[in-house]
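Accompanying notes for the structure given below.
Encoded structure:
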């Protein structure tokens, strides 16, 4: 008798990871309530998640408007539009929409990560400037970004489609309440500390985090956390001194980047090296003055994310990793308004090695990527 | 030497019916100008047309918002939502969007004409009532509806996909200016007439059209015409007497209907017969008092539409056909506000036969489906 003989058929039990994803997004992440006005931004490949979200929103008594957020449509418009129109768009209708909206759910899921590869940089920048009022109106809502697994994203991750689907649902469908409680302790330690130190074979970096407020990023607007999946505790360093390396490969502005080393003095990058993509890092650093300083230190806590997939939404939350961002700080971390300002926010990620440690005010927080009980 | 030997290869000349469709929609139909705020409603299967429309709008200096108009998403929401929410939706954000919009372009193109087949009638009706303010806000703009050819629509038409694509572009890409000028003469004759009579083997119907205003439906908002393709001259009869038959098969409320005969007395249907779908017609007639009276008489003029495809957007414009609608009249035809009122507007179509004639005040307008020079 073989194993397969044991299976005598079974009626479908109704379990559906897409439905569970939609419920997690609507209920845990966005805290949608009856009567809420919701905008759902649907990427080209996110149709199935949009259908599931529509059913959950209907059940919860919310009223939806679905916006089509297609990279191909965006590329066509941006390449055809004049720069002066992009910089000064007649976008009152989009602003009116978002200003009268309670919740914005962004369902990522492209069919081609390179869909906008041939939009000139100057066009992107003009659009980013002109689009700022819409972005601000969106950020004024209870917004959450998530991703539906597509073949294009599986390809970007170097994974088979079925394996990538499993990866995404392992990352998204978690016991968020339990993780939120665990991360609350880490937040408390960071909030009361003045100094955080990263030490590993090739790294020794000291960060000044005095009087900054960490975010317990538990994938819910109730925690100032706007990503699903999430799973990180992050704060905004005031300054940095020492050397840090980042081994996790990623795509920055369309270019491959790996094994970046940065040396900081008085909070500023004074030297950079990269195994690959040094020019991309140099371009980031040259954006403005704030791009040479740190906007974020984050510690990944999502045990469902076990490998990088070249998607920052997932990679930076990987348990056993730490990330630092060059550029803009999040307001939530900086109650006194002295956070770093910049047009960019570029995250770089390192896995914490066997002999590594994270210390707060000289006391151990992590050893070898695992939190230490205090 | 065979025919294929003649073809020595040719570089692509850039002609693209999807691009031409988008240009016709934006320039001829909607008359979009620089600075216009445009909402584009994108059906699931209309992605390629949306990309082309985005490029044309960018070129013309308009600012777009793309709304995802998916039958599957709509079905999921409608089946899950409570009736009281549908009747009284928290839809201020949708109304804010449309009230600050100049032009609405609806790009049809479903992937399944039966996508909403299992939405209960009561749910549809509750939604239609609750959705009325959004619909009104949309109808307050320069709106145009068109269709991108999909395999689902080809299937509904009983046609191969490539043949259906050719059919759609033959209907959409026409010399609209020339047709508008031709139809202007027909409008003039209808506007000055008191009586219109349809006569054929199985039909003899007299319509009172005194003091009504015909629409020269030339597929442009400049002519009060909101469909692309269009190609019809229509007015709103005051009354009707006699018998009329409709041979063109169609789907009414999800049911096949064919060979309908209606007998009118004093403007009201007093008898109906159908080769198929008599129950569907009876259900329409029983909707309300206005459903037993006519809201429209239309004469198809689009020579590109050479066969019915079970899509009212195309069928009613077929050259050589006449259609009558039970129910609501269009405001544009009724300057004195005495038009027929009803919750329904159901078009029925007949091909005009070899011995048929259309007469206005006793003078010939058409013989055998062809206009008569005067």
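Residue numbers (my numbering), protein chains in the order written: chain U, 1 to 374; chain D, 1001 to 1374.
Built from N, CA and C at the ideal position, the CB exists for glycine as well.
In this text the structure is predicted, and so the values were computed from the model without any measurement.
**Prompt:** Do you know whose CA, among 271/U, 144/U, 238/U, lies nearest residue 338/U's CA?
**Reply:** On the first chain, residue 338/U is found 338 positions in, with the first residue counted as 1. Minimum Cα distance to residue 338/U is reached at 238/U.
**Prompt:** For residue 255/U, which residues does DSSP report across the bridge?
**Reply:** Residue 255/U sits at position 255 when you count from the first residue of the first chain. For residue 255/U, which the question treats as bridged, DSSP gives the partners 252/U.
**Request:** Output the distance between the C-alpha atoms of residue 1161/D and residue 1248/D, rounded to the nearest integer angstrom.
**Result:** Taking the second chain and counting its residues from 1, the one referred to as residue 1161/D is at position 161. Taking the second chain and counting its residues from 1, the one referred to as residue 1248/D is at position 248. So the alpha carbons of these two residues sit roughly 22 Å apart.
**Prompt:** If we cut at 7 Å on Cβ distances, does residue 1113/D have a partner in chain U?
**Reply:** For the purposes of this step, residue 1113/D is taken as the residue at position 113 of the second chain. For residue 1113/D, the answer is no, since every Cβ of chain U falls outside 7 Å of its Cβ.
**Message:** Taking 7 Å as the threshold (C-beta atoms), are residue 1046/D and residue 1107/D in contact?
**Reply:** Taking the first residue of the second chain as position 1, residue 1107/D is located at position 107. Taking the first residue of the second chain as position 1, residue 1046/D is located at position 46. Cβ atoms of residue 1107/D and residue 1046/D: closer than 7 Å.
**Asked** What do you get for residue 1064/D, buried or exposed, if any count of 16 or more other CB atoms within 10 angstroms of its CB means buried?
**Response** The residue you call residue 1064/D lines up with position 64 of the second chain. Classification of residue 1064/D: buried, given that the 10 Å Cβ count is 16 or more.
**Message:** If you reduce the DSSP assignment to three classes, tell me which class residue 1176/D lands in.
**Reply:** Taking the first residue of the second chain as position 1, residue 1176/D is located at position 176. Three-state result, residue 1176/D: helix.
**Request:** Could you spell out where the beta strand (DSSP E) holding residue 299/U opens and where it closes?
**Result:** Counted from its first residue, the first chain places residue 299/U at position 299. Counting along the chain, the beta strand (DSSP E) containing residue 299/U begins and ends at 294-300.
**Request:** Show which residues of chain D have a CB atom less than 9 Å away from the CB atom of residue 108/U.
**Result:** Locating residue 108/U in the first chain gives position 108, counting from the first residue. Chain D residues near residue 108/U: none, gap ~14 Å exceeds 9 Å.
**Request:** Determine the chain D residues that contact residue 72/U at a beta-carbon separation under 8 Å, and present them in chain order.
**Result:** Stepping through the first chain from its first residue, residue 72/U is reached at position 72. Under the 8 Å cutoff, chain D gives 1047, 1051.
**Request:** Pull up the distance between the alpha-carbon of residue 1135/D and that of residue 1101/D, whole angstroms please.
**Result:** Stepping through the second chain from its first residue, residue 1135/D is reached at position 135. Stepping through the second chain from its first residue, residue 1101/D is reached at position 101. If you take the alpha carbons of residue 1135/D and residue 1101/D, they lie about 13 Å apart.
**Asked** So, are the CB atoms of residue 155/U and residue 310/U less than 7 Å apart?
**Response** The residue labelled residue 155/U in the question sits at position 155 within the first chain. The residue labelled residue 310/U in the question sits at position 310 within the first chain. Their beta carbons are not under 7 Å apart, which means residue 155/U does not touch residue 310/U by this criterion.
**Asked** Is residue 299/U near residue 317/U, with beta carbons less than 7 Å apart?
**Response** As a working note, residue 299/U is residue 299 in the first chain. As a working note, residue 317/U is residue 317 in the first chain. Not closer than 7 Å, so no.
**Request:** Please name the residue, chosen from 1070/D, 1048/D, 1089/D, 1093/D, that lies closest to residue 74/U on a Cα-to-Cα basis.
**Result:** Here residue 74/U corresponds to residue number 74 of the first chain, with the count starting at 1. Checked all of 1070/D, 1048/D, 1089/D, 1093/D; the closest Cα to residue 74/U is 1048/D.
**Prompt:** chain U partners of residue 1089/D, CB-CB under 8 Å?
**Reply:** Taking the first residue of the second chain as position 1, residue 1089/D is located at position 89. Chain U residues near residue 1089/D: 63.
**Item:** Rounded separation between residue 1037/D and residue 93/U - CA only
**Value:** Position 37 of the second chain, counting from 1, holds the residue named residue 1037/D. Position 93 of the first chain, counting from 1, holds the residue named residue 93/U. Computed Cα separation, rounded: 7 Å.
**Prompt:** Quick one: what's residue 68/U bridged to in DSSP?
**Reply:** What you label residue 68/U is simply residue 68 of the first chain in a count that begins at 1. DSSP output for residue 68/U lists 42/U as bridge partner(s).
**Request:** Inspect the CB distances between the segment 284-292 of chain U and the segment 196-209 of chain U and report whether three or more fall short of 8 Å.
**Result:** no
**Request:** Go to residue 291/U, then tell me how far its alpha helix (DSSP H) extends in each direction, as first and last residue.
**Result:** In the first chain, the residue the question calls residue 291/U occupies position 291. Element bounds for residue 291/U: n/a, residue is neither H nor E.
**CA nearest to the CA of residue 138/U, picked from 41/U, 366/U, 121/U, 302/U** = The residue labelled residue 138/U in the question sits at position 138 within the first chain. Per the Cα distances, 41/U.
**Message:** Taking DSSP's pairing of strands, which residues face residue 1143/D in a bridge?
**Reply:** Looking up residue 1143/D in the second chain gives position 143. Residue 1143/D is bridged to 1104/D.
**Prompt:** Just reading off the beta strand (DSSP E) that residue 1239/D is part of, what are its end residues?
**Reply:** Taking the second chain and counting its residues from 1, the one referred to as residue 1239/D is at position 239. Segment 1239-1246, the beta strand (DSSP E) holding residue 1239/D.
**Asked** Mind pulling the chain U residues with CB within less than 7 Å of residue 1100/D?
**Response** Translated into the one-based positions of the second chain, residue 1100/D becomes position 100. Within 7 Å Cβ-Cβ: 92, 93, 96.
**residue 1313/D - containing beta strand (DSSP E), residue span** = Within the second chain, numbered from 1, the residue matching residue 1313/D stands at position 313. Counting along the chain, residue 1313/D falls outside any beta strand (DSSP E), though it belongs to the alpha helix (DSSP H) covering 1312-1315.
**Request:** Evaluate residue 1235/D with the Cβ neighbour count: other Cβ atoms within 10 Å of its Cβ, from every protein chain shown; 16 or more gives buried, anything less gives exposed.
**Result:** The residue you call residue 1235/D lines up with position 235 of the second chain. The residue in question, residue 1235/D, is buried, as its Cβ has 16 or more Cβ neighbours within 10 Å.
**Message:** Could you compute how far the alpha carbon of residue 147/U sits from the alpha carbon of residue 228/U?
**Reply:** As a first step, residue 147/U must be located in the first chain, where it is residue number 147. As a first step, residue 228/U must be located in the first chain, where it is residue number 228. Their Cα atoms are separated by approximately 8 Å.
**Prompt:** What residues of chain D sit near residue 39/U, judged by a beta carbon separation below 9 Å?
**Reply:** As a position in the first chain, residue 39/U is number 39, starting the count at 1. Here the neighbours are 1093.
**Request:** Look at the Cβ atom of residue 1176/D, then the Cβ atom of residue 1012/D, and state whether they are nearer than 7 Å.
**Result:** Reading the second chain from its first residue, position 176 is the one you call residue 1176/D. Reading the second chain from its first residue, position 12 is the one you call residue 1012/D. Not a contact, by the Cβ cut-off of 7 Å.
**Item:** Interface flag, residue 142/U vs chain D, CB-CB below 7 Å
**Value:** Sequence index remark: in the first chain, residue 142/U carries index 142 (1-based). Chain D contact via Cβ: absent.
**Request:** State the Cα-Cα distance for the pair residue 232/U and residue 1076/D, rounded to the nearest angstrom.
**Result:** Taking the first chain and counting its residues from 1, one reaches residue 232/U at position 232. Taking the second chain and counting its residues from 1, one reaches residue 1076/D at position 76. So the alpha carbons of these two residues sit roughly 33 Å apart.
**residue 1001/D versus residue 1183/D - alpha carbon distance** = Locating residue 1001/D in the second chain gives position 1, counting from the first residue. Locating residue 1183/D in the second chain gives position 183, counting from the first residue. With a pLDDT of only 49 at residue 1001/D, under 50, the local geometry of the prediction cannot be trusted, and the value read off the model is given with reservation. Each residue's Cα considered, the two are about 48 Å apart.
**Message:** Just verifying my parser: in three-state terms, what is the DSSP assignment at residue 1/U?
**Reply:** For the purposes of this step, residue 1/U is taken as the residue at position 1 of the first chain. Only weak support is given to the placement of residue 1/U: the predicted model assigns it a pLDDT of 49, under 50, and the value that follows is read from those uncertain coordinates. Three-state result, residue 1/U: coil.
**Request:** Give me the Cβ distance between residue 1242/D and residue 1259/D, rounded to the nearest whole Å; I'm assuming they're in contact under 8 Å.
**Result:** For the purposes of this step, residue 1242/D is taken as residue 242 along the second chain, with counting starting at 1. For the purposes of this step, residue 1259/D is taken as residue 259 along the second chain, with counting starting at 1. About 17 Å; that fails the 8 Å criterion.
**Message:** Considering only DSSP beta bridges, list what residue 349/U is partnered with.
**Reply:** Position 349 of the first chain, counted from the first residue, corresponds to residue 349/U. Answer by DSSP bridge pairing, in chain order: 323/U.
**Message:** Is there a C-beta anywhere in chain U that falls below 7 Å from the one on residue 1066/D?
**Reply:** What you label residue 1066/D is simply residue 66 of the second chain in a count that begins at 1. Yes, its Cβ sits closer than 7 Å to a Cβ of chain U.
**Message:** Spatial neighbours of residue 1170/D within its chain, please: C-beta separation below 7 Å, excluding the five flanking residues on both sides.
**Reply:** Start at 1 with the first residue of the second chain, and residue 1170/D comes out as number 170. So the qualifying residues of the chain are 1304.
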